[in-house]
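Basically our numbering = 1-based index in the sequence shown + 1. Beta carbons: idealized from backbone N, C-alpha and C, even for Gly. Given the structure is predicted, the values throughout are model-derived calculations rather than measurements. A short worksheet on the structure shown next.
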Amino acid sequence: MPRARSRAAAAARARARARALTPLAEDGAGPPAAERAGVGAERRALLALAWPAVLSFLLTNSWRFIDHYWVRGLGLEAQAAVSACFFVSVMNYALHFLAAGGALPLVSQALGARREERAAELARHALVLAAGIGLVQTVLGPLLAPHIVEWLGMRGETAAQGVQFTRAMYAVSLSLALAPVIDFLFLARGDTRTPLVLQALAAALNWVLNPLLIFGAGEFEGFGVAGAAWATGIARAASVLLGLLLLARRTRGAWMPRRRVLLEPLEQLVRVALPNALSIAVYSAVYWGLQGLVLAELGDAVRAGLGVGFQVFEGLSYPCYVGISLAAAAQIGRAIGERDPALAWRIVRAGRQLAWIAGGFWTLVFLAAAPLVAPHFASDAAALRETLRYTSIVAFSQVCVAAEAVNERVLLGAGRTRAIFWIASAGNLLRLPLCWWVALPLGGGPAGMYWVLNATSALKALTYRWLVQRRRWLEPRE
């Protein structure tokens, strides 16, 4: 009997894979008309779902360019400190993703399988996990701030500004940890408009609070560079409170945390999210290394210029790719929950097409608009020169970055996240020795470092595409 069950399970897997491959049987000669129509329908449906997600993630990332816009008035050292500390926030997000990254695929698959109670249980525990992570960061982060700034290679006045900003950033960790989980829970429900409203509220408050908390008003002197972090945290806290109220209302309280906390849902959330969270942590650690080993030698102007290019320009482009790819991931998760691999594959193709269009659009924007936009964010002429150098080079990697985002989140939506860690980590770890070697011993300077970033982005994009094309993630999990 066990052997018979094993053969039956193997046959079921083979049939499922055959169904998944059927729509692509004629790939060599082009897809049939019905398949093209199906992909077109999914592309339109995905676009309708993705555009609010894109706007939501643009607003989520708005703190990056809002900070740079207002902090530039404090001088080059403050802008260089904020630029370097961005990668501290990325490391923090890696921890936040332990809750959010598991919630999206697991809750969406549970809803697709009509398991409402399981979806509610996972949602409750994701919120508890995020709150716990945020509270630990709030306690420990300010104590570690001087050491973090030292690891990033900041010196003198730049280091002093960095300590102020980092301490304030950790003080508001609770709201920063809960925000992505709330967004992902709405995404798992197929709702991309509520996160858009929440992030619009946070962005508007952030814009108003930044100048007030940085420079002060009247007798209130402001907090200097730390005010930018306080503004972000307070604005995000307001959106988190509203998001929790809306989530409680729409689920009749079923998704709200309870006193009883179980280990099994927490373990499953972390198990699914851990590979992706580790890849984010490695990405951040590599940039910490670049800050300390390479940018510290190239100077504050390069550090500030890379910060403006990365946080302002890629702060606009990358949320577009994330919005498209996470909308696709949520739909793929539901399709897999419904055991419809053909639908899941059509969503993959539709998501890729939208990503290519978005990547091409932002390539043109980087090349044409950077000279007009960058002067509004760079603190001086040297920072402006380095910003334009960065955008003119990384423009040529935007299609690869968009394709990488979609194919990576195909695996996330399917809950097959282990490969994400290996691909992302290997590609990102290559950057550290290559950037150092090309920029310093070979004399390539900042431009050489940016071309290394382009090359490794292309390598990761091609690897993800190869893995997704194998379609093993479409097989039902035992």
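Which of the three DSSP states is assigned to residue i in this structure?
i: D28; result: Low confidence applies to D28: its pLDDT is 43, below 50, so where it sits in the model is not reliable enough to give any reading.
i: F362; result: helix
i: A172; result: helix
i: F224; result: coil
i: A255; result: coil
i: A95; result: helix
i: A218; result: strand
i: S1; result: With the chain running from 2 to 479 in the structure shown, residue 1 is simply not present.
i: L441; result: coil
i: R410; result: helix
i: A415; result: coil
i: E387; result: helix
i: R250; result: helix
i: D192; result: coil
i: R473; result: helix
i: L433; result: helix
i: L460; result: helix
i: R260; result: coil
i: A114; result: coil
i: W467; result: helix
Would you call the CB atoms of residue i and residue j closer than 8 Å?
i: V295; j: A440; result: yes
i: R44; j: L355; result: yes
i: A328; j: A54; result: yes
i: A459; j: C401; result: yes
i: L368; j: A403; result: no
i: G234; j: A172; result: yes
i: V453; j: L435; result: yes
i: A81; j: A305; result: yes
i: R125; j: W256; result: yes
i: G334; j: G41; result: no
i: A359; j: Y319; result: no
i: L413; j: A420; result: no
i: L75; j: G225; result: yes
i: L107; j: Q332; result: no
i: V309; j: T388; result: yes
i: L99; j: V271; result: yes
Only counting the same chain, and skipping five residues up and downstream in sequence, which positions put a Cβ closer than 8 Å to that of residue i?
i: V287; result: N429, L430, R432 and L433
i: S393; result: F367, L368 and A371
i: Q470; result: none
i: R259; result: R125
I'd like the list of long-range same chain contacts for residue i, defined as Cβ closer than 7 Å, with 5 residues on each side in sequence excluded.
i: G316; result: N62, R65 and F66
i: L385; result: A375, P376 and A379
i: I149; result: V89 and T167
i: R466; result: A404 and N408
i: L48; result: L355
i: R410; result: S326, L327, A329 and A330
i: L247; result: T195
i: F185; result: A101, A104 and L105
i: C139; result: This sequence places Thr at residue 139; Cys is not what is there. Here the set comprises Y171, A172, S174 and L175.
i: D301; result: L77, E78, A81 and T159
So residue i and residue j are in contact, right, with Cβ under 8 Å, and what is the actual spacing, rounded?
i: A239; j: L206; result: 6 Å
i: P276; j: T418; result: 4 Å
i: A189; j: L105; result: 6 Å
i: L60; j: Q200; result: 3 Å
i: V241; j: S176; result: 5 Å
i: L128; j: L179; result: 7 Å
i: G293; j: W438; result: About 16 Å; that fails the 8 Å criterion.
i: A51; j: G361; result: Going by Cβ atoms, the distance from A51 to G361 rounds to 16 Å, so no, they are not a contact pair.
i: T193; j: S109; result: Not confirmed; about 13 Å, so no contact.
Enumerate in chain order the residues of its own chain whose CB-to-CB distance from residue i is below 6 Å, with the five nearest sequence positions on each side excluded.
i: L307; result: Y391
i: A425; result: S280
i: D28; result: Any reading at D28 must be qualified, since the residue scores a pLDDT of 43, below 50, and its modelled position is unreliable; the value itself is stated next. Hits under 6 Å: none found.
i: F187; result: T195 and P196
i: G217; result: G223
At a Cβ threshold of 8 Å, is residue i touching chain C?
i: V140; result: In the displayed structure, chain C is absent; only one protein chain is listed.
I'd like the ranges of any alpha helix (DSSP H) spanning at least 4 consecutive residues and lying wholly in the region 292 to 359. 301 to 309 and 315 to 338
Ordered list of alpha helix (DSSP H) runs contained in the region 117 to 177, each at least 4 residues: Segments of the alpha helix (DSSP H) lying fully in the region 117 to 177: 117 to 152 and 157 to 172.
Complete alpha helix (DSSP H) runs within the region 29 to 80 (minimum length 4 residues, chain order): Considered as a whole, the region 29 to 80 harbours 34 to 61 and 63 to 72 as its complete alpha helix (DSSP H) runs of no fewer than 4 residues, in chain order.
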